[in-house]
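J.:
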Amino acid sequence: MKSAKNILQPENRPLKTAVLVLDECNTLSFAAAVDPMRAANRLAGRAAFDWDYVSVTAERPMLTSGLTVPSFPLARLQGCELLIVVAGFQLARHATPSLLAGLRRIAASGATIAGIDGGPWLMAEAGLLDGHPATTHWEDLENFSARFPEVDARNDRFTVSDARLTSGGATPAIEMMLHIISARHGAGFASRVAGLFLFDGPAALPRPQSRLGNRGHSALTAKANALMEASLDEPLPLAMIAETLGTSPRSLQQQFRLKLNTTPQDHYLQLRLAEARRLVTDTAMPLMDVAMATGFTSQSSFARAFRTAHGTSARDLRQEQARPTAH
Numbered sequence: 013m014k015s016a017k018n019i020l021q022p023e024n025r026p027l028k029t030a031v032l033v034l035d036e037c038n039t040l041s042f043a044a045a046v047d048p049m050r051a052a053n054r055l056a057g058r059a060a061f062d063w064d065y066v067s068v069t070a071e072r073p074m075l076t077s078g079l080t081v082p083s084f085p086l087a088r089l090q091g092c093e094l095l096i097v098v099a100g101f102q103l104a105r106h107a108t109p110s111l112l113a114g115l116r117r118i119a120a121s122g123a124t125i126a127g128i129d130g131g132p133w134l135m136a137e138a139g140l141l142d143g144h145p146a147t148t149h150w151e152d153l154e155n156f157s158a159r160f161p162e163v164d165a166r167n168d169r170f171t172v173s174d175a176r177l178t179s180g181g182a183t184p185a186i187e188m189m190l191h192i193i194s195a196r197h198g199a200g201f202a203s204r205v206a207g208l209f210l211f212d213g214p215a216a217l218p219r220p221q222s223r224l225g226n227r228g229h230s231a232l233t234a235k236a237n238a239l240m241e242a243s244l245d246e247p248l249p250l251a252m253i254a255e256t257l258g259t260s261p262r263s264l265q266q267q268f269r270l271k272l273n274t275t276p277q278d279h280y281l282q283l284r285l286a287e288a289r290r291l292v293t294d295t296a297m298p299l300m301d302v303a304m305a306t307g308f309t310s311q312s313s314f315a316r317a318f319r320t321a322h323g324t325s326a327r328d329l330r331q332e333q334a335r336p337t338a339h
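The opening position of the sequence shown corresponds to residue 13 in the working numbering, with each subsequent residue numbered one higher.
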């Protein structure tokens with residue numbers, strides 16, 4: 013096995029990159045990997061990145077939007093410095109022995125491996141994330157942590173560990189790509205790249221993922237949000253959250269009003285109801301268990317809050333999601 017070359021250091025030479033695209037990956041996740049490289053090349057007036065599209069088989073991969081990507085099979089990839097794995101749905105079906113062997117082969121050549129959305133799952137299945145911090149989309153993070161106990165699963169937007177990078181979704185993937193660009197070409201250049209597609213730029217500090225998004229948060233409200241998300245089944249009193257963060261309930265109320273135009277209590281409730289909707293639509297968990305998992309002590313209070321937030325009952329929403337749709 014060759015030692016991995018550090019791609020996160022100043023370098024003007026084009027970064028030889030391969031983008032492994034799997035069927036049913038999200039179009040936005042695919043664009044998040046590719047568009048920052050395109051923008052970097054345009055701004056530099058030369059090739060800062062040189063990339064190919066790679067598929068699992070000879071068939072062109074199809075994105076969730078129906079777009080297909082011209083590519084060649086991973087088995088024919090002779091080598092690269094950075095392999096970006098973009099995956100979405102049907103990960104168990106995609107994790108074939110040949111794919112996992114292909115990932116291990118590229119990693120053994122010394123390449124850096126990055127995963128976006130479902131990509132970290134495939135990296136972990138191949139044993140490439142053992143002992144590394146890693147993340148995936150927040151909906152799957154608990155299952156990811158249980159499935160791969162040797163991986164240091166984190167609720168970060170993206171992670172960097174030696175020759176391994178992982179991202180929880182499309183927007184964090186843009187941040188991850190800008191991190192690579194910044195390391196190789198400088199923070200000023202990375203900011204100009206971000207400006208080409210009107211992205212506000214990467215976070216100055218690592219931020220956790222959030223069910224309601226991170227836009228508008230201050231440092232204090234982001235930390236409060238993380239505490240709330242970690243305790244959806246047994247909601248914490250506002251006074252306890254404030255004390256944990258070394259502030260007062262009044263200051264926390266003011267920050268939520270100023271930054272998010274809401275109260276901490278309502279923000280907490282929306283987090284719980286967002287998770288309740290996910291459990292209703294994405295799992296077969298009994299509705300009473302959904303209520304308990306999101307901090308409601310009675311079915312009636314859960315039902316009222318759910319209908320107010322989502323305009324329908326949890327039972328009706330689950331039945332609606334189960335109906336086949338016409339195409």
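Where is the CB? At the ideal position from N, CA and C, for every residue including glycine. Here the structure is a predicted model, which means the values were calculated and not measured.
The alpha helix (DSSP H) spanning Ser110 covers which residue range?
T.: Pro109 to Ala120
J.: Please go through the same chain and pick out, in chain order, the residues whose beta-carbon is closer than 8 Å to the beta-carbon of Lys14, but skip the five residues on each side of it.
T.: Cβ within range, chain order: Ala120, Ser121 and Gly122.
J.: With a CB to CB cut of under 6 Å and the five nearest residues on each side skipped, what residues in its chain are close to Arg130?
T.: Strictly speaking, residue 130 in this sequence is Gly, with Arg absent from that position. Excluding residues within five positions, the ones whose Cβ falls inside 6 Å are Ala99, Gly100 and Leu103.
J.: Relative to the C-alpha of Leu79, which candidate in Leu40, Leu94, Phe314 and Arg88 has its C-alpha closest?
T.: Leu40
J.: Is there at least one Cβ from chain D nearer than 8 Å to Leu177's Cβ?
T.: This model lacks chain D altogether; it includes just one protein chain.
J.: According to DSSP, is Ala236 helix, strand or coil?
T.: When secondary structure is reduced to three states using DSSP, Ala236 falls in the helix class.
J.: Let me know if Leu34 comes out buried or exposed under the rule of 16 or more other beta-carbons within 10 Å of its beta-carbon.
T.: Leu34 is buried by the Cβ-count criterion.
J.: With His197 and Ala60 assumed to form a contact (beta carbons below 8 Å), what rounded beta-carbon distance in angstroms separates them?
T.: 6 Å
J.: Based on the DSSP secondary-structure assignment, which residues constitute the bridge partners of Asp129?
T.: Ala99
J.: What would DSSP say about Phe209, mapped onto helix, strand or coil?
T.: coil
J.: Can you look up Pro261 in the DSSP assignment and give me helix, strand or coil?
T.: helix
J.: Here's the rule: buried if 16 or more other CB atoms are within 10 angstroms of the residue's CB, otherwise exposed. What is Glu93?
T.: buried
J.: What did DSSP end up calling Lys14 once you bin it into helix, strand or coil?
T.: coil
J.: Taking 8 Å as the cut-off, decide whether the C-beta atoms of Leu140 and Ile128 are in contact.
T.: Against a cut-off of 8 Å, the Cβ pair of Ile128 and Leu140 comes out as no contact.
J.: Classify Leu190 as helix, strand or coil using the three-state DSSP reduction.
T.: helix
J.: Suppose the cutoff is 7 Å on Cβ atoms and the five residues either side in sequence are ignored; what does the same chain contact list for Phe209 look like?
T.: Asp47 and Ala51
J.: Using CA coordinates, which residue listed in Tyr280, Ile186 and Val205 is at the minimum distance from Leu239?
T.: The shortest C-alpha separation from Leu239 is found at Tyr280.
J.: In this structure, does DSSP put Thr124 in helix, strand or coil?
T.: strand
J.: For Arg25, tell me which candidate among Thr306, Glu255 and Ile193 has the shortest Cα-Cα distance.
T.: Ile193
J.: Nearest by alpha-carbon distance to Ala56: which of Ala182, Arg72, Ala206 and Leu329 is it?
T.: In this structure, Ala206 is the residue among Ala182, Arg72, Ala206 and Leu329 with its C-alpha nearest to the C-alpha of Ala56.
J.: With a CB to CB cut of under 6 Å and the five nearest residues on each side skipped, what residues in its chain are close to Ala44?
T.: If you ignore the 5 residues before and after Ala44, its C-beta comes within less than 6 Å of the C-beta of Ala182, Ala185 and Ile186, all in its own chain and listed in chain order.
J.: Once you ignore the five residues that flank Gln311 on each side, which residues in its own chain have a CB closer than 8 Å to its CB?
T.: Leu299, Met300 and Ala303
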